[in-house]
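Q: Sharing a structure with you now.
Numbering (the working numbering), first residue to last: 7 to 310.
Given below as structure tokens:
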């Protein structure tokens, strides 16, 4: 079922080609390639590289936000004002993204996780709730695998808590176009299909402009490592902290997947938002923030 769901997603992206062919060639305005977030801008060192992050809010609880594939910390900009008076917020530009260094390296989920842990050391946080969107979910799972004692909870936002089982042909269908000079056209079609609602064209174009600020070699390496069976799976057999999931309605999230999520921890909360596309926290921020706040409150992860 999971393979069929992802195949359907790939096909829907291909079917949307005629609708979104103009997105890749559209010039981005300067304010569309960065998303400023109110807070203190800082840099941590991970290996020999600088990792950019922003600290906002205050409180005894800490929330760390990890963005999606090719994204940046500004994708969480709508959550800062909603949560800044309830917790200390740390928003991270993963290596290769945003204002972080972009070395020519292998962008694995473990490499990203190491950068998240470097930021946590830099801000001297003992324990934090990790919130990941899309590719950010595998990253926070690898953080938990490497340092479970530093994690208070895992929050998955429209991302997979385990690798999808795909054939080599299906993986190549996803990854292959990112190796070509036409990778922007492919990305525009693929991402465009994740904005199905009329009236979201402006947000879609802004997201695309921000994604295209990420170098092609970073986009390709990260996607390869997401799907490669040669890399460690990020699936967690058992989790001793709350696991909170907030997804959009999508055939990928089957009843079997929900059962898997609920088996991970004795403390789970699994919810689905009807209607928005993949960037639900940007498309419907008020609704998203209300649900996320309620979930965090339920487990005492933010101030009342």
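Don't be surprised by glycine CBs; every beta carbon is placed ideally from N, CA and C.
Determine the DSSP secondary structure at residue 273, reduced to helix, strand or coil.
A: It is coil, neither helix nor strand.
Q: Which same chain residues end up closer than 7 Å to residue 64 when comparing Cβ atoms and leaving out the 5 residues on each side of it in sequence?
A: Contacts found: 94.
Q: Identify which residue in 128, 159, 245 and 223 has its Cα closest to the Cα of residue 301.
A: When each option's Cα is compared against that of residue 301, the closest is 159.
Q: Throw me the rounded Cβ distance for the residue 231 and residue 115 pair, which I believe falls under 8 Å.
A: Confirmed, Cβ separation roughly 6 Å.
Q: Exposed or buried, residue 27, counting other C-beta atoms within 10 Å across all chains shown (16 or more means buried)?
A: With a pLDDT of 37 at residue 27, under the threshold of 50, the modelled position of this residue cannot be trusted; read the value that follows with caution. Classification of residue 27: exposed, given that the 10 Å Cβ count is below 16.
Q: Near residue 269, which residues of its chain fall below 7 Å by C-beta distance, leaving aside the five closest residues on each side in sequence?
A: Contacts found: none.
Q: Nearest by alpha-carbon distance to residue 129: which of 200, 46, 206 and 161 is it?
A: That would be 46, whose Cα lies nearest to the Cα of residue 129.
Q: Buried or exposed: residue 32, going by 16 or more other Cβ atoms within 10 Å of its Cβ?
A: Residue confidence for residue 32 is low, a pLDDT of 49 falling below 50, so the modelled location carries little weight; the figure read from the coordinates is stated next. Residue 32 comes out exposed.
Q: At what residues does the beta strand (DSSP E) containing residue 232 begin and finish?
A: Unbroken run through residue 232 is the alpha helix (DSSP H), 222-233; no beta strand (DSSP E).
Q: So, helix, strand or coil for residue 127, using DSSP?
A: Residue 127: helix per DSSP, three-state reduction.
Q: Helix, strand or coil for residue 59, going by three-state DSSP, please let me know.
A: Note: residue 59 maps to strand in three-state DSSP.
Q: Identify every residue that forms a DSSP beta bridge with residue 96.
A: 61 and 70.
Q: Cβ of residue 72 within 8 Å of Cβ of residue 98?
A: Contact: yes.
Q: CB residue 210 to CB residue 201, shorter than 8 Å?
A: Yes, the Cβ-Cβ distance between residue 210 and residue 201 is below 8 Å.
Q: Once you ignore the five residues that flank residue 304 on each side, which residues in its own chain have a CB closer than 7 Å to its CB?
A: If we look at residue 304 and ignore the five residues flanking it on each side, its Cβ neighbours are 275.
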